[in-house]
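Participant:
Numbering (the numbering used here), first residue to last: 114 to 318.
Structure below.
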């Protein structure tokens, strides 16, 4: 696709987006663009982004926040392809796991390290999984899916709180098993699986 003409302000926005992707691994929020290029309103930023997209400089995904892809082969060669994985904080009752109000941050992860499916990260709280090598403060990488096999490490919604446990389906009920011999399992008639744990991210102190 040939690229159309853009204004100086749109060039400034484009360069700022590139700079932030190279620096942080993911594109800036609309509010950050607004402040960086001294525009008075976020609606002005949206208008400029629409023009950049229409003229073939960027591509956006309306279903995902903060998704701006630079359509420039030379730029693509300067960075590894990354996926901006949402980090979930607390889960608001009655909302989808990836609802905007549940997301507290994004962490760029190299695309080749992730499966070809929707993923998110959850910060682990407590010591219920320490015998599986999962500690409080770790971030588990989770493939979003509504079901699981016996023995899978899952993120499940229990009393409006996301918890990491080992999943078992047994005689007429479900068992969410802590990997900590001092803790009792959670027995439920029904369980909402948010996803399967596929990886772990830990900062070394």
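All C-beta atoms, glycine included, are put in the ideal place defined by N, C-alpha and C.
Could you give the distance in angstroms between the alpha-carbon of residue 129 and the alpha-carbon of residue 226?
Facilitator: Whole-angstrom Cα-Cα distance: 27 Å.
Participant: Between 291, 302 and 292, which has its C-alpha nearest residue 285's C-alpha?
Facilitator: Of the listed residues, the one whose Cα sits closest to residue 285 is 302.
Participant: Could you tell me if residue 234 is buried or exposed, where buried requires 16 or more neighbouring beta carbons within 10 angstroms of its beta carbon?
Facilitator: Looking at its Cβ environment, which holds 16 or more other Cβ atoms inside 10 Å, residue 234 is buried.
Participant: Check residue 237 in the structure and name its three-state DSSP category.
Facilitator: In this structure, residue 237 counts as coil in the three-state DSSP scheme.
Participant: How would you call residue 135, buried or exposed, if buried means at least 16 neighbouring beta carbons within 10 angstroms?
Facilitator: Counting Cβ neighbours within 10 Å, residue 135 comes out exposed, since fewer than 16 surround it.
Participant: Could you round the C-beta distance between residue 202 and residue 257 to whole angstroms and report it? I think they count as a contact, below 8 Å.
Facilitator: In fact, because the Cβ distance is near 16 Å, the residues do not count as touching under 8 Å.
Participant: Counting only the same chain and skipping the five closest in sequence on each side, list residues whose C-beta sits under 7 Å from that of residue 123.
Facilitator: For residue 123, where only same-chain residues beyond five positions count, the Cβ hits under 7 Å are 161, 164 and 165.
Participant: CB residue 200 to CB residue 224, shorter than 8 Å?
Facilitator: In this structure, residue 224 does not lie closer than 8 Å to residue 200 by Cβ.
Participant: Could you please give me the residues that DSSP links to residue 305 through a beta bridge?
Facilitator: BP columns for residue 305 point to 270.
Participant: Is residue 243 helix, strand or coil when you go by DSSP?
Facilitator: Of the three classes helix, strand and coil, the one that applies to residue 243 here is helix, per DSSP.
Participant: For residue 237, which option in 315, 220 and 187 has the closest C-alpha, if you only look at C-alpha atoms?
Facilitator: The residue with the shortest Cα to Cα distance from residue 237 is 315.
Participant: Check residue 151 in the structure and name its three-state DSSP category.
Facilitator: Three-state result, residue 151: coil.
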